[in-house]
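Below is one structure, written out as structure tokens, with a few remarks after it.
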């Protein structure tokens, strides 16, 4: 992602202030930047948010695998600077989530929702951040809480599918950058909405678009749909 971001920043006509990996000086980078873009790891997020706050610069958070405490950290940072956190920076996925929410809001509980995602063999978290983002979109469309309705794995004699639940399935293998499909299944008909990522460049382009949009915004939490005006 670092290499993809470097290329996307150059393609957009901007100057790259720099980049850091484990052990790098996040504060020095923040002080030299107009905006930070974080594609690191959950363990590094707190330090990067602290650096953004200390330098007074906005930050785009594309790191996945976040837990509840990481979202609290984002909320705290958003009291001081603009924070855009998302499970996926792709503009296509952003629009897909919008369509999923619209479909879920208009189709009743007799339409089952199942989310299937496929990623490369090296991905360490499941379901993917994007799958969870799409699940949240479906849950919001139905005015329910994803944490209460999600079914993340099935094994053995599970019994019949419970109405209203949102299922997840994760596939891992090869070098797949990221495929996501949300299935709406009813009696005698199905609707499937999909996004296929061919390489990481799409996430980098979306992150740069989000970073451009975030510069100059006041403190607060922002989302990718806002970048697209949705």
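Residue numbers (our numbering): -1 to 228. Heads up, the beta-carbon is just placed ideally off N, CA and C, and yes, glycines get one too.
With a cutoff of 8 Å on beta-carbon distance, residue 206 and residue 50 are scored as not near each other. Beta bridge pairing from DSSP links residue 110 with 183. It is roughly 42 Å from the alpha-carbon of residue 163 to the alpha-carbon of residue 28. The Cβ atoms of residue 114 and residue 167 lie closer than 8 Å to each other. In the structure shown, the three-state DSSP call for residue 37 is coil.
DSSP places residue 122 in the coil class of the three-state scheme, outside both helix and strand. Taking residue 45 as the centre and dropping the five residues before and after it, the same chain places the C-beta of 24 closer than 7 Å to its C-beta, in chain order. Straight-line spacing of the CA atoms in residue 156 and residue 147 works out to 16 Å.
Residues of the same chain with a CB within less than 6 Å of the CB of residue 222, apart from the 5 flanking positions on each side, are 84, 92 in chain order. Three or more Cβ pairs closer than 8 Å define a contact, and the region 72 to 86 falls short of that threshold against the region 15 to 22. Measuring C-alpha to C-alpha distances from residue 100 to each of 6, 109, 142, 138 identifies 138 as the nearest.
Distance between residue 185 and residue 102, taken at the CA atoms: about 16 Å. Linking residue 98 to residue 212 through their CA atoms gives a straight-line distance of about 25 Å.
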